[in-house]
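Q:
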Amino acid sequence: MKKTLIPLSLLLLVAGCSSSQTWGWYVVNPTTSTGWTNVKFLISGMGATIQISLIAAFLSIAIGLIVAFPALSEKRGWRLVNRVYVEFVRSIPLLPMLFWVFYGLPIVFQSMGMNIPIDPFWGAVITLAISDSAFTAEIYRAGIQSIAKGQSEAAQTVGLNSIQTMRYVILPQAIRRILPPLANQFIYIVKMSAFASVIGMQELTRRANELVVTEYRPLEIYTLLIFEYLILVLIISAGVRWLERRMGSDERG
Amino acid sequence: MPDAAIELVDVNKWYGTFHVLKDINLTVGSGEKVVICGPSGSGKSTVVRCINQLEKHQNGTIRIDGTELTDDPKSTAAIRSEVGMVFQQFNLFPHLTVLENLTLGPIKARGLSRKEAEERARHYLDRVHIPDQADKRPTQLSGGQQQRVAIARSLCMEPRVLLFDEPTSALDPEMISEVLDVMVELAQEGMTMVVVTHEMGFARKVADNMIFMDEGEIVEQGRPEHFFTNPGSARCRKFLSQILQH
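First to last, the sequence lines map onto chains A and B. Each residue of the first sequence is one higher than the one before, starting from 1 at the first, in the UniProt record's numbering. Each residue of the second sequence is one higher than the one before, starting from 1 at the first, in the UniProt record's numbering.
#1: Count the other CB atoms within 10 Å of the CB of L244 (chain B); is the residue buried (16 or more) or exposed (fewer)?
#2: Listed in chain order, which residues of the region 148-181 of chain A have Cβ atoms closer than 7 Å to some Cβ of chain B?
#3: Under 7 Å Cβ to Cβ from S177 (chain B), same chain only, skipping five residues before and after it: list those, please.
#4: Looking only at its own chain, which residues have a Cβ that is under 6 Å from the Cβ of K33 (chain B), when we skip the five neighbours before and after it?
#5: Give the interface partners of M183 (chain B) over in chain A, defined as CB-CB distance under 7 Å, in chain order.
#6: What residue range does the alpha helix (DSSP H) around Q145 (chain B) cover?
#7: Is I144 (chain A) near A174 (chain A), with beta carbons less than 8 Å apart?
#8: Could you check where the beta strand (DSSP E) with L21 (chain B) kicks off and where it finishes?
#9: So, M166 (chain A) versus T127 (chain A), is the Cβ gap smaller than 8 Å?
#10: Quick check on the DSSP output: the beta strand (DSSP E) that includes D126 (chain B) runs from which residue to which?
#11: Going by other Cβ atoms of all chains shown within 10 Å of its Cβ, with 16 needed for buried, is Q110 (chain A) buried or exposed?
#12: List the residues of chain A that Q89 (chain B) touches, going by C-beta distances under 9 Å, in chain order.
#13: Identify every run of the beta strand (DSSP E) within the region 182-218 of chain B, keeping only runs that are complete inside it and at least 3 residues long; order them along the chain.
#14: Locate the alpha helix (DSSP H) running through I144 (chain A), then write down its first and last residues.
#15: Indicate whether T49 (chain A) and L211 (chain A) have their beta-carbon atoms separated by less than 8 Å.
#16: Keeping to the same chain, check which residues put their C-beta closer than 6 Å to that of P159 (chain B); ignore five residues upstream and five downstream.
#17: Smallest Cα separation from K191 (chain A): which of A:I66, A:I226, A:I63 and A:A134?
#18: Between L219 (chain A) and W23 (chain A), what straight-line distance do the alpha-carbon atoms span, to the nearest angstrom?
#19: What do you reckon, are the CB atoms on D214 (chain B) and P39 (chain B) nearer than 8 Å?
#20: Would you decide whether Y124 (chain B) is buried or exposed? Buried here means 16 or more other CB atoms lie within 10 Å of its CB.
#21: Buried or exposed: where does M157 (chain B) fall if 16 or more other Cβ atoms within 10 Å of its Cβ makes it buried?
#22: Measuring only the C-alpha atoms, how far is A68 (chain A) from E138 (chain A)?
#23: Scan the region 73-119 of chain B and note each continuous alpha helix (DSSP H) run of 4 residues or more that stays entirely inside, going in chain order.
#24: Is there at least one Cβ from chain A nearer than 8 Å to P94 (chain B)'s Cβ?
#25: Residues of chain A with CB closer than 7 Å to the CB of A77 (chain B), please, in chain order.
#26: Could you pull out every residue in the same chain whose Cβ sits closer than 8 Å to the Cβ of S146 (chain A), ignoring the five residues on either side in sequence?
#27: Below 6 Å CB to CB, which residues in the same chain sit around K22 (chain B) once its five sequence neighbours on both sides are set aside?
#28: Within the continuous beta strand (DSSP E) that includes I64 (chain B), where are the two ends?
#29: The beta strand (DSSP E) with L163 (chain B) in it runs from where to where?
This is the structure:
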């Protein structure tokens, strides 16, 4: 992480300190009081971004599992249910889905006689979770189907039923192939959570937008915003790599 | 002949329009050893896989110990735990230790306690001559050792019948005999066995009944002394001459 951040920061610093007048780092200079206020304002969106991402990822992991199981059925009807969900959900761009959920879904609820308001936080969480669940479902399906057929046959010949076969033989092997790509999806969610800014969610991107409006220093502020995401994603990546190493050593062990 | 452990009556099976098994009739008595051979694609593996219902036959009757195999999942599960199976590719569970491979079925399907299952597992590991490998992972063993673990895994279910689907075909030549030796010992102890194999030395030694299949049919069957010296059909003669040449 340090190896990536330090040269990048140096590069930007050098560019900023050069004779050219195009950079104005003072807006986010933590050593001055206005600069420090601005930086704190920007970073204050971090909590919302992390919360949205974590809850959406958790929901996506759960919904994906529910969506994946019909895909493994021997019945064509069930497999079709899975196909329709996956193809439909993953073909919708995130932004239109966000608008539909935030502005449209309350009206649907209302017409059904329910008064369920959707605030920006839950609007973003629901949209991200559903949008991502199509991908997590595919990750589960691929992981489970990648386990050779001989494994479930062998499990059956030692008397295990289909649930026991899944639980003791297939899933423990599939989980090693499922977890790393699932963790990668989390990075995708963190980045896509930036869209929540357009429905008024006070997260990282929204804070940056608001500061740009008052300070009119888009270059510096958006640069800092990118670094905020970079740091978040690098932390998650390190976690993913740690996970992969652990999984890998288990397989060999 | 003692009462039949396995009975196939007019069994037919199709993959789509391809007729893989044609009117298969076969009786395996309790304690009997049957060896099935034939060219690839002749349906010999399919017969074995139908006996433990890894594949469904479309018509005809299969009885194990007098119980007819039906679509009812409960009867299928009950039958399966009476019929052990050894695969060409071993199919050991790579995420479990050797000992866990052997105890999974007895604990989960037979309801044994861990202690009972482990005692049983060690007993059978001893019988396949690898008592020291219990705590290793399957991938740390040689092919011959893995196949012997697979045999021990089947034995731990204490099945009435043991099926072998080309058990030595995936092995390096120098490892074949260690697996065959274990199989010969099992045969001598009275296990009922149906073995798909091209190991004709093994067949001569243990088979009570030799079966030659071609294009989904049982073309020839008989006692080995008869089968090897004086096969009735030209197809069987040709097959035997091809595999016995060297």
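All C-beta atoms, glycine included, are put in the ideal place defined by N, C-alpha and C.
A: The short version:
#1: Stepping through the second sequence from its first residue, residue 244 (chain B) is reached at position 244. So L244 (chain B) counts as exposed.
#2: Result list: G150, Q151, E153, A154, Q156, T157, V158, G159, L160, N161, Q164, Y168, V169, P172 and Q173.
#3: Taking the first residue of the second sequence as position 1, residue 177 (chain B) is located at position 177. For S177 (chain B), there are no CB contacts under 7 Å within the same chain when 5 residues up- and downstream are skipped.
#4: On the second sequence, position 33 is the one that residue 33 (chain B) refers to. The beta carbon of K33 (chain B) sits closer than 6 Å to those of A187, M193, V206, A207 and D208, all from its chain and outside the five residues before and after it, given in chain order.
#5: Within the second sequence, the letter at position 183 stands for residue 183 (chain B). By Cβ distance, chain A contributes nothing, its closest Cβ being about 17 Å from M183 (chain B), past 7 Å.
#6: For the purposes of this step, residue 145 (chain B) is taken as residue 145 along the second sequence, with counting starting at 1. If you look at Q145 (chain B), you'll find it in the alpha helix (DSSP H) that goes G143 to L155.
#7: For the purposes of this step, residue 144 (chain A) is taken as the residue at position 144 of the first sequence. For the purposes of this step, residue 174 (chain A) is taken as the residue at position 174 of the first sequence. Yes.
#8: Position 21 of the second sequence, counted from the first residue, corresponds to residue 21 (chain B). Residues F18 to G29.
#9: Counting from 1 along the first sequence, the entry for residue 166 (chain A) is found at position 166. Counting from 1 along the first sequence, the entry for residue 127 (chain A) is found at position 127. Between M166 (chain A) and T127 (chain A), the C-beta spacing is not below 8 Å.
#10: Working through the second sequence from its first residue, we reach residue 126 (chain B) at position 126. Where D126 (chain B) is concerned, there is no enclosing beta strand (DSSP E), although the alpha helix (DSSP H) it sits in stretches over R114 to R127.
#11: As a working mapping, residue 110 (chain A) is identified with position 110 in the first sequence. Q110 (chain A) comes out exposed.
#12: As a working mapping, residue 89 (chain B) is identified with position 89 in the second sequence. Those within 9 Å of Q89 (chain B) in chain A are A148 and G150.
#13: Within the region 182-218 of chain B, the beta strand (DSSP E) runs of at least 3 residues that lie entirely inside it are, in chain order, 192-196 and 209-214.
#14: Walking along the first sequence from the start, residue 144 (chain A) turns up at place 144. P120 to Q145 is the span of the alpha helix (DSSP H), which, as asked, contains I144 (chain A).
#15: By one-based count along the first sequence, residue 49 (chain A) stands at place 49. By one-based count along the first sequence, residue 211 (chain A) stands at place 211. At a Cβ-Cβ threshold of 8 Å, T49 (chain A) and L211 (chain A) do not count as neighbours.
#16: The residue you call residue 159 (chain B) lines up with position 159 of the second sequence. Taking C-beta separations shorter than 6 Å and ignoring five residues to either side along the sequence, the partners of P159 (chain B) in its chain run E82, V83 and G84, following chain order.
#17: Here residue 191 (chain A) refers to the residue found at position 191 of the first sequence. Closest option to K191 (chain A), judged by alpha-carbon separation, among A:I66, A:I226, A:I63 and A:A134: A:I226.
#18: Residue 219 (chain A) sits at position 219 when you count from the first residue of the first sequence. Residue 23 (chain A) sits at position 23 when you count from the first residue of the first sequence. C-alpha of L219 (chain A) to C-alpha of W23 (chain A): approximately 8 Å in a straight line.
#19: The residue given as residue 214 (chain B) occupies position 214 in the second sequence. The residue given as residue 39 (chain B) occupies position 39 in the second sequence. Between D214 (chain B) and P39 (chain B), the gap from beta carbon to beta carbon is short of 8 Å.
#20: On the second sequence, position 124 is the one that residue 124 (chain B) refers to. Around the beta-carbon of Y124 (chain B), 16 or more other beta-carbon atoms lie within 10 Å, marking it buried.
#21: Here the question's residue 157 (chain B) lines up with position 157 in the second sequence. If you draw a 10 Å sphere on the C-beta of M157 (chain B), you find 16 or more other C-beta atoms in it, and that means buried.
#22: Taking the first residue of the first sequence as 1, we reach residue 68 (chain A) at position 68. Taking the first residue of the first sequence as 1, we reach residue 138 (chain A) at position 138. C-alpha separation (whole angstroms): 7 Å.
#23: Here the runs fully enclosed are 73-80 and 98-108.
#24: Here residue 94 (chain B) corresponds to residue number 94 of the second sequence, with the count starting at 1. Interface criterion met: the Cβ of P94 (chain B) is under 8 Å from a Cβ in chain A.
#25: As a first step, residue 77 (chain B) must be located in the second sequence, where it is residue number 77. The answer, in chain order, is G159 and N161.
#26: In the first sequence, counting from the first residue as 1, residue 146 (chain A) sits at position 146. Excluding residues up to 5 positions away in sequence, A174 and R177 lie with their Cβ nearer than 8 Å to the Cβ of S146 (chain A) in the same chain.
#27: Position 22 of the second sequence holds residue 22 (chain B). Excluding positions up to five away in sequence, the list reads G216 and E217.
#28: Stepping through the second sequence from its first residue, residue 64 (chain B) is reached at position 64. Element bounds for I64 (chain B): N59 to I64.
#29: Counting from 1 along the second sequence, the entry for residue 163 (chain B) is found at position 163. L163 (chain B) -> beta strand (DSSP E) spans V161 to D165.
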